[in-house]
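Have a look at the structure below, then the notes.
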Amino acid sequence: MKSHFSVQILVGLMLSWALAEAQSGYQIAGDEVVVERVSHWQQWSIPTHLARIHEDGSVRAHSLRTVFNVLDDPGFKRPIVISKPDPRIGTIDSTMQFDVFGEPIRNTLNELVFDYWVRPGISRVGSNPRLAANILDGDPTTFWEPDPRDPIEQWWIEVDLGRVVPVERLKLQFVDESLGDPFLRFIMLLSDRQSALLHEPNSRIGFQLFIPQDAPNTTQREYIFESEHTSPELLPATGVVSDKKLTESLRRSPEWTGRKIETIRIVITDTRGGRAGQIDQEEWEALPEAERGDIVYFARDVAGREEPVDEVTYQALEEQRQGRRDYYRRELPRLAEVEAHGWGDNLGINLIENGGSYVLTTDGTNTLLAFDGDAGTGFSHQIRNPKNPTANVLTIDMGGIVRLAQTRLVGSSRGYIMRASTGERDAQGNLKWQRISPEERERNIFTGNFRDI
Numbered sequence: 021m022k023s024h025f026s027v028q029i030l031v032g033l034m035l036s037w038a039l040a041e042a043q044s045g046y047q048i049a050g051d052e053v054v055v056e057r058v059s060h061w062q063q064w065s066i067p068t069h070l071a072r073i074h075e076d077g078s079v080r081a082h083s084l085r086t087v088f089n090v091l092d093d094p095g096f097k098r099p100i101v102i103s104k105p106d107p108r109i110g111t112i113d114s115t116m117q118f119d120v121f122g123e124p125i126r127n128t129l130n131e132l133v134f135d136y137w138v139r140p141g142i143s144r145v146g147s148n149p150r151l152a153a154n155i156l157d158g159d160p161t162t163f164w165e166p167d168p169r170d171p172i173e174q175w176w177i178e179v180d181l182g183r184v185v186p187v188e189r190l191k192l193q194f195v196d197e198s199l200g201d202p203f204l205r206f207i208m209l210l211s212d213r214q215s216a217l218l219h220e221p222n223s224r225i226g227f228q229l230f231i232p233q234d235a236p237n238t239t240q241r242e243y244i245f246e247s248e249h250t251s252p253e254l255l256p257a258t259g260v261v262s263d264k265k266l267t268e269s270l271r272r273s274p275e276w277t278g279r280k281i282e283t284i285r286i287v288i289t290d291t292r293g294g295r296a297g298q299i300d301q302e303e304w305e306a307l308p309e310a311e312r313g314d315i316v317y318f319a320r321d322v323a324g325r326e327e328p329v330d331e332v333t334y335q336a337l338e339e340q341r342q343g344r345r346d347y348y349r350r351e352l353p354r355l356a357e358v359e360a361h362g363w364g365d366n367l368g369i370n371l372i373e374n375g376g377s378y379v380l381t382t383d384g385t386n387t388l389l390a391f392d393g394d395a396g397t398g399f400s401h402q403i404r405n406p407k408n409p410t411a412n413v414l415t416i417d418m419g420g421i422v423r424l425a426q427t428r429l430v431g432s433s434r435g436y437i438m439r440a441s442t443g444e445r446d447a448q449g450n451l452k453w454q455r456i457s458p459e460e461r462e463r464n465i466f467t468g469n470f471r472d473i
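If you count the sequence shown from 1, you need to add 20 to reach my numbering.
What follows is the structure, encoded as structure tokens:
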């Protein structure tokens, strides 16, 4: 089960004071207690995903977004566990672990120990990897294109969003006509998960086929695909939106927007190769050698009819039997930009490290798997026991008071209750709770499991 939290407006912070033995997080000025310096705030426990301490001693709310281009999020990373030494995908970074004395930590096999992180970016590419990063640089004049010397089976490129995201819009932008061509035919493989292994079989990643076009294309330079349902926070598209929708394969609640995606692989399936467009001999000779396409030779019979022949046959013919020569430019399939717009600011990821917490009144369950941004992991949440109403209850503390734009759960449940609290307590000191889930979902005996809540 996954929980996806996106914050719209920060309305307050609950900061807890952490006493240090010889330090204080304030100073006394007359009859005032003043907290204004960085050294003061460093003695306080602050939820770093909700607030930041600035050099001038001020504390400001962290800027949190709703729907944005998740691939343009250089500051995002999430920790992952890697147990195999196999080659890894391109979106994984590592840092060496050190002990308190500054010495590298080694395991029982005397191997260095690393922390691993995954971020948005290019995860895999089948051809021409040196150009891959161009599709995420925001520059429509740079591009990725496959190496024409590679077989077409290698003409693909893959991006990783760094975590599973409810994506409401995918946009593919090809170069301008003066710089190249769109893909003649292509497909997209989409998955809500990823594998850290570079050479993982497609079946292990869980790809699902998305067909973006019905016919070969030589003119359309922009493709925009949106989910079946979108939210008001999604800005209007700048171009024509395709009627092909990013539809969830599993049943979801009526309010659900977006399609859960982490991995997007774009695969070219057809090309015009060396015959993209016929040009005259002078234009052909003026092209860079790498952009010159085929020359088609024709033999002429005594009646003046012509038929194509190979170059060797053509050169062996008598001059009067040599017919015309047709010149072509090579196709330049060039992808300039890829965008994925979705709910990317998920407060659930790195919840504990950022100052939040949770309590599950069930023993022996690794609840952290619900906050790792990975659709491939989860935990079993036991059913509530009416005879013991405090058992099997998961309580999540965000670390501060926030106005939640959305709360999303991805999992499988016959019924559930979700309540929220601002932290206010009653006369007995207990938190005041308010139900935020529909009553009809508490006992769900007819509909079946809620996949996305």
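Yeah, the Cβ is synthetic: ideal placement off N, Cα and C, and Gly gets one too.
From a predicted model like this one, the values you see are computed outputs, not experimental measurements.
For residue i, is the classification buried or exposed, using 16 other Cβ atoms within 10 angstroms of its Cβ as the cut-off for buried?
{"i": "Glu41", "result": "Low per-residue confidence applies at Glu41: pLDDT is 32, beneath 50, and the placement is therefore not dependable, though the value from the model is reported in the following sentence. Glu41 is exposed by the Cβ-count criterion."}
{"i": "Ala166", "result": "The residue you asked about is not Ala; residue 166 is Pro in the sequence shown. Counting Cβ neighbours within 10 Å, Pro166 comes out buried, since at least 16 surround it."}
{"i": "Glu359", "result": "buried"}
{"i": "Ala306", "result": "exposed"}
{"i": "Met418", "result": "buried"}
{"i": "His74", "result": "exposed"}
{"i": "Phe118", "result": "exposed"}
{"i": "Ile125", "result": "exposed"}
{"i": "Ile163", "result": "Reading off the sequence, residue 163 comes out as Phe, not Ile. Classification of Phe163: buried, given that the 10 Å Cβ count is 16 or more."}
{"i": "Ser147", "result": "buried"}
{"i": "Glu303", "result": "exposed"}
{"i": "Thr277", "result": "buried"}
{"i": "Asp93", "result": "buried"}
{"i": "Gln448", "result": "exposed"}
{"i": "Ile403", "result": "exposed"}
{"i": "Val120", "result": "exposed"}
Excluding sequence positions up to five away, which residues of its chain have a Cβ less than 8 Å from the Cβ of residue i?
{"i": "Lys280", "result": "Val184, Val185, Pro186, Val187, Asp212, Glu268, Ala395, Val430 and Asp472"}
{"i": "Ser400", "result": "Thr385"}
{"i": "Glu444", "result": "Leu451 and Lys452"}
{"i": "Thr161", "result": "Val195, Asp196, Leu199 and Ala356"}
{"i": "Gln454", "result": "Arg439, Ala440 and Ser441"}
Could you round the C-beta distance between residue i and residue j to whole angstroms and report it? I think they count as a contact, below 8 Å.
{"i": "Tyr378", "j": "Leu414", "result": "6 Å"}
{"i": "Lys264", "j": "Ser247", "result": "That pair is no contact at about 11 Å."}
{"i": "Asp365", "j": "Leu129", "result": "Not confirmed; about 39 Å, so no contact."}
{"i": "Pro274", "j": "Arg241", "result": "Wrong, their Cβ atoms sit about 35 Å apart, outside the cutoff."}
Could you give the residue range of the beta strand (DSSP E) that holds residue i?
{"i": "His361", "result": "Leu355 to Trp363"}
{"i": "Gln342", "result": "Gln342 to Arg349"}
{"i": "Ile286", "result": "Arg279 to Asp290"}
{"i": "Ser114", "result": "Ile112 to Met116"}
{"i": "Ser143", "result": "Gly141 to Val145"}
{"i": "Trp176", "result": "Trp176 to Phe194"}
{"i": "Gln476", "result": "This structure cannot speak to residue 476, because the chain is shown only from 21 to 473."}
{"i": "Gln47", "result": "Gln47 to Ala49"}
{"i": "Glu246", "result": "Glu242 to Glu246"}
{"i": "Trp276", "result": "Where Trp276 is concerned, there is no enclosing beta strand (DSSP E), given that its DSSP letter is neither H nor E."}
{"i": "Ala319", "result": "Arg312 to Arg320"}
{"i": "Glu253", "result": "Segment: none, Glu253 is in no beta strand (DSSP E) and carries neither H nor E."}
{"i": "Gly431", "result": "Val422 to Ser433"}
{"i": "Ile208", "result": "Here residue 208 is Met; the residue named in the question, Ile, does not match the sequence. From DSSP, the beta strand (DSSP E) with Met208 extends over Arg205 to Ser211."}
{"i": "Leu414", "result": "Leu414 to Asp417"}
{"i": "Ala411", "result": "From DSSP, Ala411 is part of no beta strand (DSSP E); its letter is neither H nor E."}
Apart from the five residues just before and just after residue i, which ones in its own chain have a Cβ nearer than 6 Å to its Cβ?
{"i": "Asp106", "result": "Leu217"}
{"i": "Ile456", "result": "Met438 and Ala440"}
{"i": "Val329", "result": "Tyr317 and Ala319"}
{"i": "Gln214", "result": "Asp180, Glu282 and Thr283"}
{"i": "Asn89", "result": "Glu359 and His361"}
{"i": "Ile416", "result": "Tyr378"}
Within the continuous alpha helix (DSSP H) that includes residue i, where are the two ends?
{"i": "Thr333", "result": "Glu331 to Ala336"}
{"i": "Ile225", "result": "Asn222 to Ile225"}
{"i": "Ser59", "result": "Val58 to Trp61"}
{"i": "Trp304", "result": "Gln301 to Ala306"}
Identify, in the order they occur along the chain, each residue of the same chain with its Cβ nearer than 7 Å to the Cβ of residue i, setting aside the five sequence neighbours on each side.
{"i": "Val521", "result": "For residue 521 there is no data in the structure shown, the boundaries of the chain being 21 and 473."}
{"i": "Leu389", "result": "Thr397, Gly398 and Phe399"}
{"i": "Asp300", "result": "Tyr347"}
{"i": "Leu380", "result": "Thr387 and Leu414"}
{"i": "Val58", "result": "Ile73, Glu75 and Gly77"}
{"i": "Ala296", "result": "Asp201, Gly313, Tyr348, Arg349, Arg350 and Glu351"}
{"i": "Asp321", "result": "none"}
{"i": "Glu327", "result": "Phe318 and Ala319"}
With a cut-off of 8 Å, does the C-beta of residue i fall near any C-beta of chain B?
{"i": "Ser441", "result": "The structure shown contains no chain B; it holds only a single protein chain."}
Q.
I'd like to know if the region 334-341 and the region 67-74 are in contact, where contact means that at least 3 CB-CB pairs between them fall below 8 Å.
A. no
Q. Taking one C-beta from the region 174-181 and one from the region 243-256 each time, how about it: are there three or more such pairs within less than 8 Å?
A. no
Q) Counting Cβ pairs, one atom from each stretch, are 3 or more of them under 8 Å apart for the region 136-155 and the region 110-126? A) yes
Q. Touch check for the region 346-356 and the region 282-293: three-plus C-beta pairs under 8 Å?
A. yes
(Q) Taking 8 Å as the cut-off, does the region 128-139 touch the region 93-102 (at least 3 CB pairs, one atom from each stretch)? (A) yes
Q. Would you say the region 224-238 touches the region 197-211, given that touching needs at least three Cβ pairs under 8 Å?
A. yes
Q: Flag this pair as touching only if the region 308-315 and the region 342-350 have three or more C-beta atom pairs under 8 Å; answer yes or no.
A: yes
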